[in-house]
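Notes for the one structure printed next.
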Amino acid sequence: MRLLFDGRRSLSIVGAVLGAALLGGGVASAADSVQLKSRLGNWCLDAPNGSNTATMVNPCGGSQSQRWVFNSAGQIESVAFPGSCLSIANPADGTPVTLSSCQTNTNNANWNSQPNGQLTSALGPCLNIYGGVAQPGTAVIAYHCIPDVADEQWDSVA
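Residue numbers (the working numbering): 25 to 182.
Here it is, written out as structure tokens:
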């Protein structure tokens, strides 16, 4: 009798999960999101202070401010602050990468993922950890792309 009960319970759990997946459609959500983890170690891109603020790296954790969605416009959108995307004001080395309103009429918030792990702005530079040394709160900046340096390489982690 116990096996029959466990089987029914498992079937209902599987049904609930499948139903939720079917109803979810194509809407971007925390379930579709990733962490952007630096190849310098257990450091994730973080935007803990909201829109119109600088981004940074912090130890990877479960925080929504470390979760991102690659949206259909080619932008990297914050899960914690929907409608806010990674952006740079200009392509100069050292420009802070900020969380700004997602806009489709500008290249400032468009990014491309490269096979070597670099995230390149449509304006040219790469997403870079300032100084090449990650510590809690280290700024993330735009910097000219240098092949195969860990402070410019990121992995998408579910």
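Where is the CB? At the ideal position from N, CA and C, for every residue including glycine.
Give the list of continuous beta strand (DSSP E) stretches no shorter than 3 residues that lie fully inside the stretch 41 to 125. 59 to 62, 67 to 70, 80 to 83, 92 to 94, 100 to 102, 108 to 111 and 122 to 125
Tell me the rounded alpha-carbon separation between proline 83 and glycine 65. 9 Å
Taking Cβ to Cβ, would you say alanine 158 is nearer than 8 Å to serine 62? yes
Strictly by DSSP, which residues pair up with isoleucine 165? Pro120 and Asn152
Taking the alpha-carbon of isoleucine 165 as reference, which of Asp117, Pro171 and Pro106 has the nearest alpha-carbon? Asp117
Where aspartate 175 sits in the DSSP three-state scheme: helix
Using only CA atoms, which one of Ser180, Tyr154, Leu60 and Pro106 lies nearest to serine 75? Pro106
For glutamine 142, which residues in the same chain have their Cβ closer than 7 Å to its Cβ, ignoring the five residues on either side in sequence? Cys150, Cys169, Glu176 and Gln177
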